[in-house]
Structures are given as structure tokens and as C-alpha cells.
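Worksheet: the structure to be examined is printed underneath.
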Amino acid sequence: MEEEISELTRSLEKLMPWESKMDTASILREAYKYIRFLTAQISVLKSMPSDSNVKTNCGQGNGEYKALGHLSRQQML
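Quick note on this note's numbering: the sequence shown kicks off at 2 and runs consecutively.
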């Protein structure tokens with residue numbers, strides 16, 4: 002059982018967007034925070050219009066970000 006937990010913890014560590022080695026408690030703590038972060042991102046994306054050509058405030062004016070105004074939700078990901 003302990004070996005299985007260790008193996009699953011290492012598998013979880015490989016899924017996270019960092020490269021440093023951590024102890025089990027740190028892996029679980031950081032994974033929990035990362036999952037909460039991803040959940041918040043999903044909530045924000047769900048609240049955005051899904052129309053493929055919705056104009057956003059980023060597209061206003063003349064700047065390097067003008068092209069962002071024509072990105073769809075999927076393209077922003």
C-alpha cells in the first residue's frame with residue numbers, strides 16, 4: 002500500500018507544471034492549489050461569450066494587443 006501511494010504521488014508530481022522534487026506533503030499541497038487555480042480558470046472561461054468572433058476590450062485602439070480583440074475563447078486558451 003505504501004509503495005502504491007508513493008508511485009501515485011510521483012505520477013501526480015509529473016502532471017504538475019513544475020520541475021523541482023518535493024516531499025509528499027508539498028506535492029499534495031501544491032496539487033491542491035493548482036487544481037483550485039485551474040477550477041477558477043474554468044469558471045472564468047465559462048463566463049466568457051463562446052462566439053468565435055466576440056470583440057473584447059483588448060481589440061480597442063491601435064496597439065500591439067489590437068489583434069487579441071478577435072480571438073475566440075478557445076484561441077485564448
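Virtual Cβ for every residue (Gly too), placed ideally from N, Cα, C.
- Setting aside the 5 residues that flank it on each side, L16 has no residue in the same chain whose C-beta is closer than 7 angstroms to its C-beta.
- Less than 7 angstroms divides the Cβ of I28 from the Cβ of T10.
- Across the set T25, A26, M49 and L39, the C-alpha of L39 shows the shortest separation from the C-alpha of P18.
- If you look at E14, you'll find it in the alpha helix (DSSP H) that goes E3 to L16.
- Going by DSSP, E31 is part of the alpha helix (DSSP H) stretching over T25 to S48.
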